[in-house]
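Chains as they are written, first to last, in this note's numbering: chain B, 725 to 892; chain W, 725 to 892. Think of the CB as a built atom: it goes at the ideal place given N, C-alpha and C, for glycine as much as any other residue.
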DNA sequence: TTATATTTTCAGAAAATATTGAAAATACGA
DNA sequence: TCGTATTTTCAATATTTTCTGAAAATATAA
């Protein structure tokens, strides 16, 4: 397998992984193309590399920039916009995890908290049972959420990983 | 809000959370219905509770049983099968995480490993760059993967969580 | 064994999601 | 300013995923 084939395999694998994690396939592939590129790429380059439409390329790039893991790069004397990918995997693992946590976990923790409060004074057997179950889940997700915040704020992620390897 | 409304809200919230994490909405809702139930439920009970088809109820239940977070319960003198949900959140957090890791992460780690090996001896600037990038990602995902295995095997998850709270 | 209850399967329908492509908006140089 | 290159938007279309419902398979009781 030559280098180009290896790169292609990486792009495909990355796209498949993205799909499984609820990240749009095109978005994941665009990131992959930028990761394997040696130079900044334009929208047209990406359209050509993945044979996707301009609209798709544009929206995927925008999403990656929203995530903060792809940057615009101005090339001197060029009117087009060029893009490069953040290559530090820790940076994007943390950014994406934080964003997803905020969007997906935090609202659930909030609802669980409300349900817990609302059923607090229900003294029926059924009410106490429900309250107990919700409390358990709330405690668990709440702990995970707090832990995630601590890991993500301040770049202690890498440190943490090393630490864990020692502990376990 | 009365108890029934609270339960309904829980079911809806749980379904929404599931969708966002790539778990089918029906599957998540079936688990929720079983979690809030006071007694074992039959397929018909679940169909009625969520107004879903028999096929959907059956497949969702099967998937939850495959995950190992819903059990069959035989009721004396009853011909129908009844189901109950595992209520220990640690048990299913670990089971689901393990399963998803195995299905989604491990193959990627494997491909990355192969790509790393294949490009090891490419001495061109481009080849070295690609190899370096793949190696970084592979090291990161490999570490996470190993860490996850350690946490999941043996029920050290809860312990770990307590430990982290002290450390951080 | 036969009749009946229950579960499973799966082709097709419906719903949700992703993608295209061309028009509109914007940015830039002359 | 105008003309052109480039980017953005979004309605229409294509694709993927989920769900239904009825037929087939299986289990149970008599």
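Distance cutoff 7 Å, beta carbons only. Does residue i sit that close to anything in chain W?
i: residue 754(B); result: no
i: residue 876(B); result: no
i: residue 835(B); result: yes
i: residue 792(B); result: no
i: residue 757(B); result: no
i: residue 828(B); result: yes
i: residue 767(B); result: no
i: residue 839(B); result: yes
i: residue 851(B); result: yes
i: residue 775(B); result: no
i: residue 784(B); result: no
Of all Cβ atoms in chain B, is any one closer than 7 Å to the Cβ of residue i?
i: residue 859(W); result: no
i: residue 725(W); result: yes
i: residue 741(W); result: yes
i: residue 869(W); result: no
i: residue 750(W); result: no
i: residue 842(W); result: yes
Please go through the same chain and pick out, in chain order, the residues whose beta-carbon is closer than 8 Å to the beta-carbon of residue i, but skip the five residues on each side of it.
i: residue 785(W); result: 754, 767, 770, 794, 807
i: residue 716(W); result: Nothing can be reported for residue 716(W): it is not among the residues displayed for chain W, which extend from 725 to 892.
i: residue 733(W); result: 725
i: residue 764(W); result: 797, 799, 806, 807, 808
i: residue 840(W); result: 855, 858, 859, 862
Residue i versus chain B: which residues are under 7 Å apart at the beta carbon?
i: residue 813(W); result: 860, 861, 864
i: residue 846(W); result: 727
i: residue 798(W); result: Chain B residues near residue 798(W): none, gap ~22 Å exceeds 7 Å.
Between which residues of its own chain and residue i is the CB-CB distance below 7 Å, once the five residues before and five after are set aside?
i: residue 788(W); result: 751, 754, 755, 794
i: residue 731(B); result: 760
i: residue 778(B); result: 767, 771
Residues of chain W with CB under 7 Å from residue i, in chain order?
i: residue 807(B); result: Here the premise fails: no neighbours, minimum Cβ distance about 16 Å.
Less than 7 Å separating the beta-carbons of residue i and residue j?
i: residue 893(B); j: residue 855(B); result: The structure shown has nothing for residue 893(B), since chain B only spans 725 to 892.
i: residue 791(W); j: residue 825(W); result: no
i: residue 832(W); j: residue 737(B); result: yes
i: residue 828(B); j: residue 828(W); result: no
i: residue 813(W); j: residue 861(B); result: yes
i: residue 746(B); j: residue 746(W); result: yes
Keeping to the same chain, check which residues put their C-beta closer than 6 Å to that of residue i; ignore five residues upstream and five downstream.
i: residue 773(B); result: 757
Taking the alpha-carbon of residue i as reference, which of the options has the nearest alpha-carbon?
i: residue 728(B); options: 747(B), 877(B), 749(B), 760(B); result: 760(B)
i: residue 780(B); options: 748(B), 837(B), 797(B); result: 748(B)
i: residue 853(B); options: 740(W), 762(W), 742(W); result: 762(W)
i: residue 859(W); options: 778(W), 822(W), 835(W), 730(W); result: 835(W)
i: residue 823(W); options: 739(W), 741(W), 873(W); result: 873(W)
i: residue 867(B); options: 837(B), 849(B), 847(B); result: 837(B)
i: residue 804(W); options: 782(W), 846(W), 847(W), 735(W); result: 782(W)
Could you work out which residues of chain W lie near residue i, taking near to mean beta carbons separated by less than 8 Å?
i: residue 810(B); result: By Cβ distance, chain W contributes nothing, its closest Cβ being about 11 Å from residue 810(B), past 8 Å.
i: residue 746(B); result: 744, 745, 746
Given that residue i touches chain B, what residues does it touch there, using C-beta distances under 8 Å?
i: residue 825(W); result: Going along chain B, no residue has its Cβ under 8 Å from residue 825(W), so there is no contact; the nearest lies around 11 Å.
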